[in-house]
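**Q**
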Amino acid sequence: MSLRRRIFSFRWHGGRNENRVLGNGGRKKGRGGEERGDLFPKKVFRNFSMSIEFYKVRVRREERKSKPVESGKGKEMTSDLIRGEPVATSLLKRIELFEGLSASELGEMSSVMRLHRIDPPQEIVREGEPGESVFFIAEGTLEVVRSAASGEFELNVLRSGDFFGEMAVLDRQPRSASVRAKTPVLLLELDQDGFCDFFERNPRAARIVLRRFSSRMRGIMSKLEEQLDRVHRAKEEIRTAYDDTVRALCRALDLRDTETEGHSLRVMDLAEKFAKRLGFSPPEVEAVRRGALLHDVGKVGVPDSILKKPASLTTGEMEVIREHPEWGYRMLKDIAFLRSALPIIRHHHEKYDGSGYPGGLRGEEIPLAARLFAIVDAYDAMTSDRPYRKAIGSLQALEELERCAGTHFDPRLVAIFKEIIEKEDVLSEG
Numbered sequence: 000m001s002l003r004r005r006i007f008s009f010r011w012h013g014g015r016n017e018n019r020v021l022g023n024g025g026r027k028k029g030r031g032g033e034e035r036g037d038l039f040p041k042k043v044f045r046n047f048s049m050s051i052e053f054y055k056v057r058v059r060r061e062e063r064k065s066k067p068v069e070s071g072k073g074k075e076m077t078s079d080l081i082r083g084e085p086v087a088t089s090l091l092k093r094i095e096l097f098e099g100l101s102a103s104e105l106g107e108m109s110s111v112m113r114l115h116r117i118d119p120p121q122e123i124v125r126e127g128e129p130g131e132s133v134f135f136i137a138e139g140t141l142e143v144v145r146s147a148a149s150g151e152f153e154l155n156v157l158r159s160g161d162f163f164g165e166m167a168v169l170d171r172q173p174r175s176a177s178v179r180a181k182t183p184v185l186l187l188e189l190d191q192d193g194f195c196d197f198f199e200r201n202p203r204a205a206r207i208v209l210r211r212f213s214s215r216m217r218g219i220m221s222k223l224e225e226q227l228d229r230v231h232r233a234k235e236e237i238r239t240a241y242d243d244t245v246r247a248l249c250r251a252l253d254l255r256d257t258e259t260e261g262h263s264l265r266v267m268d269l270a271e272k273f274a275k276r277l278g279f280s281p282p283e284v285e286a287v288r289r290g291a292l293l294h295d296v297g298k299v300g301v302p303d304s305i306l307k308k309p310a311s312l313t314t315g316e317m318e319v320i321r322e323h324p325e326w327g328y329r330m331l332k333d334i335a336f337l338r339s340a341l342p343i344i345r346h347h348h349e350k351y352d353g354s355g356y357p358g359g360l361r362g363e364e365i366p367l368a369a370r371l372f373a374i375v376d377a378y379d380a381m382t383s384d385r386p387y388r389k390a391i392g393s394l395q396a397l398e399e400l401e402r403c404a405g406t407h408f409d410p411r412l413v414a415i416f417k418e419i420i421e422k423e424d425v426l427s428e429g
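Numbers 0 to 429, taken from numbering that gives the first Met the number 0, label the letters of the sequence shown in order.
1. Considering Cα atoms alone, identify which of Leu-141, Asp-379 and Leu-331 is closest to Gln-395.
2. Mark Phe-135 as exposed unless 16 or more other C-beta atoms lie within 10 angstroms of its C-beta, in which case mark it buried.
3. Can you look up Gly-150 in the DSSP assignment and give me helix, strand or coil?
4. Over what stretch of residues does the alpha helix (DSSP H) that includes Ser-103 continue unbroken?
5. How should Gln-226 be labelled, buried or exposed, when 16 other C-beta atoms within 10 angstroms of its C-beta is the threshold for buried?
6. State the DSSP-derived secondary structure class of Leu-254, mapped to helix, strand or coil.
7. Please report how far the alpha carbon of Asp-192 lies from the alpha carbon of Lys-275, in whole angstroms.
8. Quick check on Leu-337: does DSSP put it in helix, strand or coil?
9. Suppose you measure from the CA of Met-381 to the CA of Thr-314; what does that come to, to the nearest Å?
10. Determine the burial state of Arg-385: buried for a count of at least 16 other Cβ atoms within 10 Å of its Cβ, exposed for fewer.
11. Looking at the secondary structure, which residues open and close the beta strand (DSSP E) in which Ile-320 lies?
12. Are the CB atoms of Val-184 and Gly-164 nearer to each other than 9 Å?
13. If I'm right that Gly-139 touches Ser-159 with Cβ under 8 Å, what's the distance once you round it to whole angstroms?
14. Just to confirm the assignment, what range does the beta strand (DSSP E) spanning Phe-97 have?
15. Output yes or no for whether 9 Å exceeds the beta carbon distance between Ala-310 and His-347.
16. With a CB to CB cut of under 6 Å and the five nearest residues on each side skipped, what residues in its chain are close to Val-266?
17. For the alpha helix (DSSP H) containing Glu-325, name the first residue and the last one.
18. Per DSSP, which one or two residues make a beta bridge with Glu-122?
19. Quick check on the DSSP output: the beta strand (DSSP E) that includes Leu-186 runs from which residue to which?
20. Got a sec, what are the start and stop residues for the alpha helix (DSSP H) Leu-269 sits in?
21. Beta-carbon within less than 8 Å of Leu-400's beta-carbon, same chain only, minus the 5 sequence neighbours each way: which residues are those?
22. On the premise that Ile-343 lies in contact with Val-287, defined as a C-beta separation below 8 Å, what is that separation, rounded to the nearest angstrom?
23. Helix, strand or coil for Ile-136? Go by DSSP, reduced to three states.
24. Would you call the stretch 294–310 and the stretch 318–327 touching, i.e. three or more CB-CB distances under 8 Å?
25. I'd like to confirm the pairing. Which residues does DSSP put opposite Val-156 in its beta bridges?
26. Give me the DSSP bridge partner(s) of Phe-162.
27. Give the secondary structure of Pro-173 by DSSP, where H, G and I count as helix, E and B as strand, and everything else as coil.
28. State the beta-bridge partners of Phe-408 as determined by DSSP.
29. Check whether the Cβ atoms of Ile-123 and Ala-176 sit closer than 9 Å, and answer yes or no.
30. According to DSSP, is Arg-200 part of a helix, a strand, or is it coil?
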């Protein structure tokens, strides 16, 4: 029966042709005289829908026969070459994935494949584009490349017997990399529909091929784990180098201002405890640590005559001191790994009531990291000797923090900080 006749021939109930107008208002009497006219439209609609779907499948298959390689650059070879059993068997036997399949299975598989000859440097698949085919290399060499900010880099080289793009026939995922010919390539293409059709008809072949797919995926995952481990070690080495750089900057500042030597390390440790108590994530805690170490780095721009002055500062000298948060920010803002530390460096002298500097921020306008650090910084300053005064005890320092809660400091954070000090320190009265 032709495709046209299949679409427009509607049969049901023992093969009787019901493609006519029925009596009784379009209803037909069933056994026992009951009306069952409602069955006819449903049956017609179902058969019509099935015929349309059949037609769509046929159209898709005809389109695939005329479709080139995904990039549109390949030359599809005549189908007689791939469908001739000796040629098909010879080509498919070069693919390790198909070892163990019978000649008849290989021949049937060839009927749902297309053969392409690709010349270098033509592209077979392109990174990011949707795909639905897996490709098998019968002859030649291809390169797998991926784009990066600095340009393109080679991930792998594929040779005769290899295959690529298998994830596309499983879930039609976008291509994770581009693949192009390095030498003239003879390539077999199997799309998702052909893949499913063949393995539905050949369960034995399906078991063999899918086991090898699974083994390949395990191998890929193992390699990925090794690569991730190397990346992790490299990141740790970079992180250590970053921290060493930060500590070197901190030591340089301590050497210049011996009166506050050790202050940055002390506030770093205390700020880290505070951040963890507040539930900061590990990257956020790391940002607090770096910000604490470098919070006063802008003081390198303050003259020694002001920085080390044992007496009270004049109004003009205080104006110079007030510039150090902004100077520190400008020094470090273009260093990528220190950007997360900038809120502390720039805003640790802001006050909760808006009377601080450099921005006059108030309340929650002040970044949380800067609000917590302002408390830590003030506490350490009060409990340490300075050129212009002696240290006070921790009890007295906590009382001062509570007195300034709501004006200088976030009152909620002051209460939490007090709990940390009372729990972890032996309080002194000074």
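Glycine included, C-beta positions come from ideal geometry on N, C-alpha and C.
Given the structure is predicted, the values throughout are model-derived calculations rather than measurements.
**A** Taking the coordinates as given:
1. Within the sequence shown, the letter at position 396 stands for residue 395. For Gln-395, the nearest C-alpha among the options comes from Asp-379.
2. As a first step, residue 135 must be located in the sequence shown, where it is residue number 136. Counting every other CB atom within 10 Å of its CB across the protein chains shown gives Phe-135 a total of 16 or more, marking it as buried.
3. Numbered from its first residue, the sequence shown carries residue 150 at position 151. Here Gly-150 carries a strand assignment [DSSP, helix/strand/coil].
4. Taking the first residue of the sequence shown as position 1, residue 103 is located at position 104. For Ser-103, the enclosing alpha helix (DSSP H) stretches over residues 102–109.
5. Residue 226 sits at position 227 when you count from the first residue of the sequence shown. An exposed status is given to Gln-226, since fewer than 16 other beta-carbon atoms sit within 10 Å of its beta-carbon.
6. For the purposes of this step, residue 254 is taken as residue 255 along the sequence shown, with counting starting at 1. Under the three-state reduction of DSSP, Leu-254 is assigned to helix.
7. Numbered from its first residue, the sequence shown carries residue 192 at position 193. Numbered from its first residue, the sequence shown carries residue 275 at position 276. Cα-Cα distance, rounded: 54 Å.
8. In the sequence shown, counting from the first residue as 1, residue 337 sits at position 338. For Leu-337, the secondary structure class from DSSP, reduced to helix, strand or coil, is helix.
9. To locate residue 381, count along the sequence shown from 1; it is residue 382. To locate residue 314, count along the sequence shown from 1; it is residue 315. Near 22 Å, if we compare the C-alpha coordinates of Thr-314 and Met-381.
10. As a first step, residue 385 must be located in the sequence shown, where it is residue number 386. With a threshold of 16 other beta carbon atoms within 10 Å, Arg-385 falls short and is exposed.
11. Here residue 320 refers to the residue found at position 321 when the sequence shown is read from its first residue. For Ile-320, no beta strand (DSSP E) encloses it; the enclosing alpha helix (DSSP H) starts and ends at 314–320.
12. Against the sequence shown, residue 184 aligns to sequence position 185. Against the sequence shown, residue 164 aligns to sequence position 165. Contact flag unset, no.
13. Within the sequence shown, numbered from 1, the residue matching residue 139 stands at position 140. Within the sequence shown, numbered from 1, the residue matching residue 159 stands at position 160. Their Cβ separation, rounded to whole angstroms, is 7 Å, which keeps Gly-139 and Ser-159 in contact under 8 Å.
14. Mapped onto the sequence shown, residue 97 falls at position 98. Membership of Phe-97 in any beta strand (DSSP E) is not indicated, and neither H nor E is assigned to it by DSSP.
15. As a working mapping, residue 310 is identified with position 311 in the sequence shown. As a working mapping, residue 347 is identified with position 348 in the sequence shown. No; because the gap between Cβ atoms is not below 9 Å, this pair is not in contact.
16. On the sequence shown, position 267 is the one that residue 266 refers to. For Val-266, where only same-chain residues beyond five positions count, the Cβ hits under 6 Å are Ala-291, Val-375, Asp-376 and Asp-379.
17. Position 326 of the sequence shown, counted from the start, is the residue given in the question as residue 325. That run of the alpha helix (DSSP H) goes 323–331.
18. Residue 122 sits at position 123 when you count from the first residue of the sequence shown. Partner(s): Arg-179.
19. Sequence index remark: in the sequence shown, residue 186 carries index 187 (1-based). In this chain, the beta strand (DSSP E) harbouring Leu-186 covers 184–190.
20. On the sequence shown, residue 269 is found 270 positions in, with the first residue counted as 1. Start and end: 262–276.
21. Reading the sequence shown from its first residue, position 401 is the one you call residue 400. Closer than 8 Å at the Cβ level, and outside the excluded window around Leu-400, lie Ile-374, Ala-377, Tyr-378, Phe-408, Val-413, Phe-416 and Lys-417.
22. Here residue 287 is taken as the residue at index 288 of the sequence shown, counted from 1. Here residue 343 is taken as the residue at index 344 of the sequence shown, counted from 1. Rounded, the Cβ-Cβ distance is 7 Å, consistent with contact.
23. Indexing the sequence shown from 1 puts residue 136 at position 137. Strand, per DSSP.
24. The stretch 294–310, when compared against the stretch 318–327, does touch it at the 8 Å Cβ threshold.
25. In the sequence shown, the residue the question calls residue 156 occupies position 157. Beta-bridge pairing by DSSP links Val-156 to Glu-142.
26. Residue mapping note: residue 162 aligns to position 163 of the sequence shown, counting from 1. Bridge partners of Phe-162: Phe-135.
27. What you label residue 173 is simply residue 174 of the sequence shown in a count that begins at 1. In this structure, DSSP gives Pro-173 an extended state, which the three-state scheme calls strand.
28. Counted from its first residue, the sequence shown places residue 408 at position 409. Per DSSP, Ala-404.
29. The residue you call residue 123 lines up with position 124 of the sequence shown. The residue you call residue 176 lines up with position 177 of the sequence shown. For the pair Ile-123 and Ala-176, the CB atoms are not nearer than the 9 Å cut-off.
30. Mapped onto the sequence shown, residue 200 falls at position 201. Correct three-state label for Arg-200: helix.
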